[in-house]
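Take a look at the structure set out below.
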Amino acid sequence: MIKAVLCDLDGTMLDRDSSLKRFVTAQYDRLTEQLSHVPKQDYVDRFIELDNHGYVWKDIVYQQLIEEFSISSLTWEWLLADYINHFPCYCIPFPGMMETVRKWKAEKLLIGIITNGKSGFQRANITALGLDPYMDVILVSEAEGMKKPEPGIFQRAVDALCVSPETCVFLGDHPVNDIEGARNAGMQTAWKDDGRSKGVPTDYIWKDWKELRPIFHR
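Counting in this note's numbering, the sequence shown tops out at residue 233, every number present.
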């Protein structure tokens, strides 16, 4: 019997692609005077490309943008601070995510998040989505000193919940960091198929949060 559901954040609970596009578009609009020589769509598209689905930290992204677009009136440090401070305002959950989380909580399932990234930034995004009241454990790689797919970070969540790995299911979109890592830690897994990978060994495959409601219940 499943006692706990643990989730990845970006690309699983947080619709990061849509959130990022909203933020970058708004950032350009706020800085139109300084970026007037750069076509808006070029700025948005290049940012998203350099970001590489969140696997490139934004100091590198902004340094590259400043060089490529010859931006002289803004520093990468200022732009990075703007990103950190404002991105949470543009966070969008995947449809059905909050309803599913509430349903699980009502059924007394334990729920948690394991995410790679910067602690303050990821915590702010979790808060922006309104998830804090529903979580029994939240682990962010920077604070834990380890990251997915290392089995240790999955085991730390299991220990915090006082359950065994085989009674946990981990939800995530990354075949290695999420699914392989959780499987190596002894958990069941539910892979969110975003169309970028195929043939991922997993217990469940899903695309929409509504698909999960009847599967994991007590």
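We treat Cβ as the ideally placed atom computed from N, Cα and C, and that holds for glycine. Given the structure is predicted, the values throughout are model-derived calculations rather than measurements.
Between the C-alpha atoms of L80 and R31 there is a straight-line separation of about 20 Å.
The beta-carbon separation of I168 and I153, rounded to 12 Å, does not stay under the 8 Å limit for a contact. I230 carries a coil assignment under DSSP once its states are collapsed to helix, strand and coil. K207 carries a strand assignment under DSSP once its states are collapsed to helix, strand and coil. Distances from the CA of M150 to each of G160, P166 and L125 were compared; the closest alpha carbon is that of L125. With a contact defined as Cβ atoms closer than 8 Å, A172 and G127 qualify at about 5 Å.
In terms of Cβ geometry, D209 and G26 form a close pair [threshold 8 Å].
Distances from the alpha-carbon of M16 to those of E226, V184 and Y70 put V184 closest. One Cα belongs to Y43, the other to V155, and the distance between them is close to 29 Å.
Counting only residues of its own chain and dropping the five nearest sequence neighbours on each side, A158 has a CB closer than 8 Å to the CB of S134.
With respect to the C-alpha of N192, the residue from L24, A19 and K18 having the closest C-alpha is L24.
Excluding its 5 nearest sequence neighbours in each direction, V39 has C-beta neighbours in its own chain below 6 Å: V59 and F62, listed in chain order.
DSSP places W72 outside both helix and strand once states are collapsed to three, so it counts as coil.
Bounds of the beta strand (DSSP E) holding Y219 are Y219 to W221. By the Cβ-count criterion, G196 is buried, with 16 or more other Cβ atoms from all chains shown falling within 10 Å of its own Cβ. In the same chain as A175, and ignoring 5 residues on each side of it, the C-beta atoms closer than 7 Å to its own belong to V152, in chain order. Taking every protein chain shown into account, the CB of A19 has 16 or more other CB atoms within 10 angstroms, so this residue is buried.
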